[in-house]
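Numbering (the numbering used here), first residue to last: 180 to 425. Beta carbons: idealized from backbone N, C-alpha and C, even for Gly. Just so you know, these numbers come straight off a predicted model, no measurement behind them. See structure below.
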Amino acid sequence: MPVAVNQPRPRVKARRRRKNNGESPRKTITMTSSAGGLVIRKERKKDFRAVENLVREAFWNRYIPGCSEHLVLHNLRKHADFIPELDLVAEMDGKMAGQIAFSRGAIRDDRGEEKKVISFGPVSVLPEFQTQGVGSALIRHALSLARDMGHTAACIYGDPRYYSRFGFRCAEKYDIRTSDGKFAAALLALELRPGALRGAPGRFIESGAFAIDEAELMKFDARFPPKDKAETESQREFMTLVSLRY
Ligand SMILES: CC(C)(COP(=O)(O)OP(=O)(O)OC[C@H]1O[C@@H](n2cnc3c(N)ncnc32)[C@H](O)[C@@H]1OP(=O)(O)O)[C@@H](O)C(=O)NCCC(=O)NCCS
């Protein structure tokens, strides 16, 4: 997926906040970068609409004409698999710049036994704030919180060229397949505790919260400002990535 690189990569330095509206220091961190001041904190109810709009702006026409990820997030927040402690937003100089949300999933072996894993998505950064380190800061901070919470492994669908920098590897390394039993280039896995995925082959079963009903999507999307759907190069690149299954 092409991303414009028009700014030098900032060095972001995390500094824990002592006090922030009652949030614990571990939940809210501030960062300084050449692009400005970045705050990562938990999403609040009053952020929901702005965050859904941000997700829509970031994903629009990226993987399909239009997008569905704003509805995915809307539904995920109400789903039993949602992990509220890892529902984070990033603000850049007070403006909503990015978000990440996590869900529970599982690796199911041939006998039907399941090992719990976590997954994230959507993760997004408003286009005007992309390639400034916001996405990386969100992902690194969220994975560190997840580790502290005792989660041992994560599986995601994503582009290995981006997620390998966080330690994700092709899930084939751990003998983990898609729910329909294939290895896939876009299925990635990360041990949050060393060895957690050793000897745990199986199929990655992601949360049912990701299932989208087209009629519901149309109705939901109509609540946002009109946007034109288009075919893009990033969609063609994405189709190539998802076709890499064997
Ligand atoms: C993916 C996304 C969250 C990354 O956030 P970001 O703040 O732009 O990323 P960062 O600034 O931390 O990292 C930028 C780097 O990642 C690279 N990058 C971003 N997305 C990438 C991708 N899909 N594939 C490969 N590299 C990617 C950039 O080229 C840049 O590389 P560099 O460090 O070598 O310069 C953001 O681009 C986004 O919202 N994209 C649209 C929604 C989306 O695709 N979400 C992820 C779905 S799996």
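Just checking residue i against ligand 1 - is the residue's beta carbon closer than 7 Å to any of the ligand's heavy atoms?
i: A280; result: no
i: A364; result: no
i: S298; result: no
i: R241; result: yes
i: T357; result: no
i: S315; result: yes
i: R340; result: yes
Express the C-alpha separation of residue j and residue i in angstroms, rounding to a whole number.
i: M271; j: R372; result: 31 Å
i: E293; j: N232; result: 35 Å
i: H330; j: A375; result: 10 Å
i: F261; j: E412; result: 32 Å
i: V304; j: A321; result: 15 Å
i: S358; j: E236; result: 29 Å
i: P380; j: P404; result: 44 Å
i: G291; j: F308; result: 43 Å
i: D400; j: R256; result: 17 Å
i: N254; j: A388; result: 6 Å
In the DSSP output, what is residue i paired with across the bridge?
i: R356; result: R382
i: Y336; result: L366
i: E293; result: R287
If we count the other Cβ atoms within 10 Å of its Cβ and call it buried at 16 or more, is residue i buried or exposed?
i: G273; result: exposed
i: R402; result: exposed
i: R356; result: buried
Quick one, are the C-beta atoms of residue i and residue j less than 8 Å apart?
i: L324; j: E264; result: yes
i: G284; j: E385; result: yes
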